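What follows is the structure, encoded as structure tokens:
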């Protein structure tokens with residue numbers, strides 16, 4: 012149980028700190044953001060090398076290192092998306108009143124290159140570790156992709172809180188693809204799937220050796236955090252307070268999720284917040 016508890020604590024800290032760090036980096040001025048992408052690209056290369064190096068090591072340390080490397084790969088994906096470096100061919104706001112199919116086509120176009128990048132990197136991480144004793148990095152990437160994809164689909168179809176206010180100024184057009192209001196029917200099965208995955212992974216961790224227990228517990232915690240992030244989409248709470256240190260001055264301009272929005276209305280474009288306000 013100690014191995015499981017340590018893995019849970021490490022994953023929770025990595026999720027909390029990593030998310031806040033992405034917010035902080037994206038709040039920097041344009042020149043500083045370019046340097047952060049360059050540094051993240053260097054870490055991406057290190058992470059890919061680390062995944063390959065730990066693939067044949069069946070140890071607890073390899074499980075943690077694989078997770079850390081998978082998280083660094085994912086951080087690069089998120090940073091290049093939120094800075095606008097890798098998004099999609101459609102960078103214009105969607106017109107109001109479009110049919111669902113037209114909205115979906117435009118929404119996919121807004122994030123197409125981003126999604127293809129995730130697909131390519133996930134395939135690469137699996138290729139680097141396939142058949143090895145430790146594939147924690149690969150499964151970390153797949154878990155994060157699955158959870159984030161589910162959240163994106165639900166935000167598109169309709170949830171109470173879209174968190175459009177967290178978008179940086181240059182990405183505000185994405186908010187036109189969000190739907191704030193009544194919770195869509197897909198949300199509850201998606202939440203249940205996250206919880207089921209977490210339960211199955213923790214059950215596997217309970218009957219495994221130290222290294223496998225750590226790996227299963229890490230993935231189970233990620234699934235549970237996916238469920239928590241889904242819950243944030245419908246609960247009247249200000250979850251962004253968890254990362255106020257990374258958001259800086261931008262946190263003061265975010266909407267109060269304790270007051271429900273009108274049903275089925277498109278999310279308004281959030282107020283522009285200059286990078287200097289994040290200080």
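Residue numbers (this note's numbering): 12 to 290. The beta-carbon is built from N, C-alpha and C at its ideal position, and this holds for glycine as well. Since we're looking at a predicted model, the values are computed, not measured.
In terms of Cβ geometry, residue 189 and residue 167 form a close pair [threshold 8 Å]. 8 Å or more divides the Cβ of residue 233 from the Cβ of residue 139. Under the three-state reduction of DSSP output, residue 191 falls in the strand class. Here DSSP, grouped into helix, strand and coil, assigns residue 248 to coil. The way I'd put it, the region 45-58 does touch the region 74-86; three or more beta-carbon pairs between them come closer than 8 Å.
By the C-beta density criterion, residue 198 is buried, having at least 16 other C-beta atoms within 10 angstroms. Using a C-beta cut-off of 8 Å, the region 123-140 makes no contact with the region 207-227, since fewer than three inter-stretch Cβ pairs fall below that distance. Counting only residues of its own chain and dropping the five nearest sequence neighbours on each side, residue 161 has a CB closer than 8 Å to the CB of 201, 204, 205, 237 and 241. For residue 104, there is no enclosing alpha helix (DSSP H), as DSSP marks it with neither H nor E.
Secondary structure note for residue 13: its alpha helix (DSSP H) is the uninterrupted segment 13-37. DSSP places residue 165 inside the alpha helix (DSSP H), whose first and last residues are 147-168. For residue 98, the secondary structure class from DSSP, reduced to helix, strand or coil, is coil. In this structure, the beta-carbon distance from residue 93 to residue 33 falls below 8 Å. In the three-state reduction of the DSSP assignment, residue 75 falls in the helix class. Secondary structure of residue 87 (DSSP, three-state): helix. Residue 63 is positioned such that its CB atom lies no closer than 8 Å to that of residue 229.
At the C-beta level, residue 225 and residue 74 come within 8 Å of one another. The residues 216, 224 and 228, in chain order, have a CB closer than 6 Å to that of residue 15 in the same chain once the five nearest residues on each side in sequence are set aside.
A check of alpha carbon separations from residue 171 across 72, 35, 243 and 255 identifies 243 as the nearest. Here the C-alpha atom of residue 71 lies approximately 12 Å from the C-alpha atom of residue 13.
Judged by DSSP secondary structure, residue 45 falls within the alpha helix (DSSP H) whose first and last residues are 41-65.
When DSSP states are grouped into helix, strand and coil, residue 200 belongs to the helix group. Here DSSP, grouped into helix, strand and coil, assigns residue 138 to helix. Excluding sequence positions up to five before and after residue 182, its CB lies within less than 7 Å of the CB of 93 and 95, all in the same chain and listed in chain order.
Distance from the CA atom of residue 128 to the CA atom of residue 101, rounded to whole angstroms, is 16 Å. Out of 169, 179 and 80, the CA that lies nearest to the CA of residue 196 is found in 169.
Taking the Cα positions, residue 90 is about 31 Å away from residue 69.
With fewer than 16 other beta carbons inside 10 angstroms of its own, residue 247 counts as exposed.
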